[in-house]
Amino acid sequence: MKPLLEATQKEFFTALLEPLRGSSRMATDFTPTNDPHSDHFLQVADRLVRPGPNLTPAEGLELYHRQYWFRLIDSLAEDFPGLRRLLGETRFWQLIESYLLSHPSRSFTLRHLGQSLPPMVTESEGEFAGSVAQVEWTMMLAFEAAQLPLPDAVSFTESRIQLQPHVHILELPVAAGKWLDREATDILPFVREPSLVVVWRTHSGSVVHRTVDRAALPMLAALRQGGLLEHLLAEVEKDLPDTEQVFEWFRDWQQLGWFGVSTLQIS
Numbered sequence: 078m079k080p081l082l083e084a085t086q087k088e089f090f091t092a093l094l095e096p097l098r099g100s101s102r103m104a105t106d107f108t109p110t111n112d113p114h115s116d117h118f119l120q121v122a123d124r125l126v127r128p129g130p131n132l133t134p135a136e137g138l139e140l141y142h143r144q145y146w147f148r149l150i151d152s153l154a155e156d157f158p159g160l161r162r163l164l165g166e167t168r169f170w171q172l173i174e175s176y177l178l179s180h181p182s183r184s185f186t187l188r189h190l191g192q193s194l195p196p197m198v199t200e201s202e203g204e205f206a207g208s209v210a211q212v213e214w215t216m217m218l219a220f221e222a223a224q225l226p227l228p229d230a231v232s233f234t235e236s237r238i239q240l241q242p243h244v245h246i247l248e249l250p251v252a253a254g255k256w257l258d259r260e261a262t263d264i265l266p267f268v269r270e271p272s273l274v275v276v277w278r279t280h281s282g283s284v285v286h287r288t289v290d291r292a293a294l295p296m297l298a299a300l301r302q303g304g305l306l307e308h309l310l311a312e313v314e315k316d317l318p319d320t321e322q323v324f325e326w327f328r329d330w331q332q333l334g335w336f337g338v339s340t341l342q343i344s
């Protein structure tokens, strides 16, 4: 009985993956088309959906089809507002439809729905749009990442210190972080400006990002690995600027909640 149920569910799902058509499509921002539902869609409807008093099997299946697609569309629009702003409505929705047809949802929660969107955007739209998508996707990762205990004065001298799991470091070929913040409206998508962006979850639970000095990368990379603070500083000392600058970084990062006490034992 179970294999039969699984086969039925799989067949039903194949119909949901088909492109939106008819009135359902007209209710979205997708490019209009007069194409009808495929023969496969209609055949699945006839086999698996009972007709109702006012609905044919195809119309009944279209209700499920619409709910499935609308949920995915809303999720990606919410997760990638900056990409939408950059590409404009027409191109954004063309891209989203193409993405969903090639990368259907694999999770009920939709948490990882946009995982493969950044590389696809980079390939089709270029590195600036791809970098914007990467920052926004990383914000999703930071939102659900774990939280280590915050260090106190004793921890900084006796415990392994590392970056919190929700702190992500992005080396980008363009200034996508500044563009998302609208700090520099003169940043053009075709200008290469390598940047270092940190994404993290704040004490209040919101997720933010900041473009930081690229000179901080060696220290941030060492903190990602974790260890006794004095050892980490010794390892990257030659790659760091003056002591005063490093002190300012640490003070800032600590206030932002980037540090955590590692659960690994000191060897």
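Mapping to our numbering: the sequence shown position 127 is 204, numbers consecutive.
Cβ atoms here follow ideal geometry from the backbone N, Cα and C, with glycine treated the same way.
Please read all numbers here as calculations on a predicted model, not as lab measurements.
In the structure shown, tryptophan 277 adopts extended strand secondary structure according to DSSP, grouped into three states. When DSSP reads this structure, arginine 287 sits in a beta bridge with Val275.
Shown here, glutamate 235 sits in a helix according to DSSP, grouped into three states. Looking at the backbone, the Cα of leucine 194 and that of glutamate 235 are separated by about 42 Å. Residue range 245-249 is occupied by the beta strand (DSSP E) that includes glutamate 248. Beta-carbon to beta-carbon, leucine 160 and valine 209 are separated by about 5 Å, close enough to satisfy the 8 Å threshold.
Nearest to serine 115 by alpha-carbon distance, out of Glu325, Glu139 and Asp258, is Glu139. DSSP, read as helix, strand or coil, puts valine 209 in helix.
Counting along the chain, no beta strand (DSSP E) covers valine 323; the unbroken alpha helix (DSSP H) around it starts and ends at 320-333. Relative to leucine 227, the option among Gly137, Trp335, Asp106 and Phe118 whose CA is nearest is Trp335.
Rounded to whole angstroms, the gap between the alpha carbons of leucine 153 and glutamate 83 is 28 Å.
Counting only runs that start and end inside the region 100-177, there is no beta strand (DSSP E) element of at least 3 residues. Between the beta-carbon of valine 276 and that of methionine 216 there is about 6 Å, and that keeps the pair under the 8 Å contact cut. For the pair methionine 103 and proline 96, the CB atoms are not nearer than the 8 Å cut-off.
Beta-bridge annotation (DSSP): glycine 304 is paired with Ile238.
For glycine 337, the enclosing beta strand (DSSP E) begins and ends at 336-338. One alpha carbon belongs to glycine 304, the other to aspartate 319, and they sit about 22 Å apart. By the CB criterion at 8 Å, aspartate 106 and tryptophan 146 fall outside the cutoff.
For proline 226, no alpha helix (DSSP H) run applies, since DSSP gives it neither H nor E.
Our two residues, leucine 163 and arginine 287, have alpha carbons roughly 19 Å apart in a direct line. Around the beta carbon of alanine 311, a 10 Å sphere encloses fewer than 16 other beta carbons of the protein chains shown; the residue is thus reported as exposed. Membership of lysine 255 in the alpha helix (DSSP H) is indicated by the continuous run 253-258.
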